[in-house]
Amino acid sequence: MTVMGLETFMSGCGQIVMPTGMSNLLTLLVAIQAAALASSDGSLRYDPKYYVDIPLRFSVKETTLAFDALPRSQNNTIPPKALDQFVKQFFDVAGNDLIPSTPKDFNPSPPNFLPQVQNAYARKWALKVHGLWLELTRKVSPSVAKEPNQHTLLPLNYSVVIPGERFKEAYYWDSYWVIKGLLVSGMTDTAKGVIENLMELVERYGFVPNGARVYYENRSQPPLLSMMIRAVYGKTRDQTLLKRAMPILLKEYAFWTSGRHEVKVRDNNGDEHRLSRFWANWDAPRPESFTIDVNVTQGMSKSREAQLYHDIATAAESGWDFSSRWMEDGQNLKTLRTSKIIPVDLNAYLFQMEKNIEYFAKILGNQTTEMRFAIAAKDRQRAIQKVLWNRKKGQWYDVWLHPNRCSYSETDNRTVVFEWKQKRRTYISNFIPLWAGILPKGDVRKEKVIEALLDSGLVLPAGVATSLKNTGQQWDFPNAWAPMVDMIIEGLEASGFLTGKLMAKNISRNWLRSNYVAYEQVGKMVEKYDATSCGKIGGGGEYNPQTGFGWSNGVVLSLLHKYGWPANEPFICEDQLEIR
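With mature numbering (1 follows the signal peptide of the UniProt record, and there is no 0) applied, the sequence shown covers -40 to -1, 1 to 540.
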């Protein structure tokens, strides 16, 4: 087996060089992943991620020698029984390096829990969802720190709340909605621990990796750490947390606003603006999906292959893996151009980050940092409105960078300024700036945004769809995802307009009913839902629908806390109202 080295490829506006070398551990696990696929009968049970999550019982060297010694058939495949026996002998089950842990602040019947939820069915369900924190909370085994070369899991000092099922590790942006739910459950200490884990990762890497696995070290996820800190601070008023967090947030902010993440563009008046994009430091198949990615790039040249691998990993950094949003033709994964896009939502998150750091600095009495981030937020707000906002359509659109047309900045002859064009496609992300507060209080443009959302076709009987295009990808129609739905509801609620508030409450009602009915049907909370039909589970993508589920649980608890549920209002799909 060989370890991949550096790949170099050309982008029209500059050469890209990035490391893609995998460790000996990952090289071995990916080889086993490929062997498992070759030896399988094509059943749905094969999950490539499983094979990069299994902990080794022996050293990498010893395990590699044993793997290389396995019998091969004429077509170089390993007999299924031999491979299965090898895996059982040399590996533990995926997830065995995470130890079930009961949070000390968990109370099965927390005092003053959801006082506004008066409906008996809603209340009973809410307590069941609250109880799921016990199933999802883990501690990383001491063996991970002791023998790091035998685990892909990263060592963490505090309890981990996993999303569920195949996702047996902490994830970055999931944690925001997990924390929102934990706070409703009165589990402030557990929420602080989740934040501590993420801050430790920033101290270690300079950013929060996609998830707490070594194969996620090449990319991040939507930057919501400052939102998590603000949520916990809002509950605790703990200035010690802010003091610890400030240098860490500054480090993460630098990651998202420098290097390849930062992009400079000119607006129609010739003024230059700095915005950010997703950019994974990777141009090879993702280890957790190696066999899938290799299949996508078949028949491509080396340079095109490397570019597509990079855009696949970059789409994973966005959290939207995958969506027509990143595809040039809106349909085919081979046309991903994620790294050539300035995303609406990322810049809304960074605006929020700038406002949060400004707020924290004010509390801590750091006037220099407060002023710096007040200016940064204002600059980004202006850039978003000049470049991403579409006045006629009443929403914000992603901007696509021209790959071969750019110039140098008038103020800095070393900085590339890209030519760009708005891609006028309809996605739920077009409306995230409303949540982020890009438009000031009382701004009448908010009414136009609310109207645009209402007319978009995204708002459906069981939630808000991610897009209007059904590609079979999981971040497209008809799927609706808890975090996006939650931000839409919060944005509408905070709009200050009655139409928005009523719309927020209606979406919340439909979402909660759909989550409840699905739970009654399958006995579990799930990762995503179908926005077209109450109680229907979402699908699509490169893995089977997952249960658990961290952010879905958090949003349910948060919405029930915000809106409650009257005793006399049915808690069921409208077409089933005769039931209760």
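Even glycine gets a Cβ: it sits at the ideal position worked out from N, Cα and C.
With a beta-carbon spacing of about 6 Å, isoleucine 398 and alanine 308 fall inside the 8 Å limit used to define contacts.
Runs of the alpha helix (DSSP H) spanning 4 or more residues and lying entirely within the segment 275 to 349 occur at 304 to 324 and 327 to 343, in chain order. Between the alpha carbons of tryptophan 380 and methionine 206 lies a distance of about 34 Å.
Taking a contact as a CB-CB distance under 8 Å, the pair valine 174 and leucine 158 does not count as one, their CB atoms being some 17 Å apart. Secondary structure note for alanine 440: it is in no alpha helix (DSSP H), and the uninterrupted beta strand (DSSP E) holding it is 439 to 441.
Contact annotation, asparagine 439 with lysine 488: C-beta distance approximately 5 Å; criterion of less than 8 Å satisfied. Counted as a single uninterrupted DSSP element, the alpha helix (DSSP H) harbouring glutamine 45 occupies residues 40 to 50. Here DSSP, grouped into helix, strand and coil, assigns leucine 235 to strand.
Under the three-state reduction of DSSP output, arginine 179 falls in the coil class, being neither helix nor strand. Counting the other CB atoms within 10 Å of its CB gives isoleucine 272 a total of 16 or more, which places it among the buried residues.
The C-alpha of lysine 322 is placed about 6 Å away from the C-alpha of glutamate 330. Under the 8 Å Cβ criterion, the segment 183 to 193 counts as touching the segment 144 to 164, having at least three qualifying pairs. By the Cβ criterion, the segment 3 to 20 is in contact with the segment 100 to 115, since at least three pairs of Cβ atoms, one from each stretch, lie closer than 8 Å.
Beta bridge pairing from DSSP links proline 60 with Arg98. With fewer than 16 other Cβ atoms inside 10 Å of its own Cβ, leucine 462 counts as exposed. Per the DSSP secondary-structure output, valine 477 pairs with nothing in a beta bridge. Below 8 Å, too few C-beta pairs join the segment 24 to 41 and the segment 65 to 78 to call them touching: fewer than three. Rounded to whole angstroms, the gap between the alpha carbons of arginine 473 and leucine 413 is 21 Å. In this chain, the alpha helix (DSSP H) harbouring glutamine -8 covers -17 to -2. In this structure glycine 259 is exposed. Its beta-carbon is surrounded by fewer than 16 other beta-carbon atoms within 10 angstroms.
By alpha-carbon distance to glycine 495, the top candidate from Val424, Glu480, Val89 and Gln199 is Glu480. If you draw a 10 Å sphere on the C-beta of alanine 464, you find 16 or more other C-beta atoms in it, and that means buried. With contacts defined by Cβ atoms closer than 7 Å, glutamine 506 and glycine 55 do not form a contacting pair. Glycine 514 and isoleucine 139 have their C-alpha atoms some 7 Å from each other. The three-state secondary structure of arginine 17, taken from DSSP, is coil. Counting only runs that start and end inside the segment 445 to 520, the beta strand (DSSP E) elements of at least 3 residues fall at 488 to 490. Look at arginine 384 here: in three-state DSSP terms it is coil, with no helix or strand label.
Remark: fewer than three beta-carbon pairs, one from each stretch, lie closer than 8 Å, so the segment 114 to 133 and the segment 80 to 90 are not flagged as touching.
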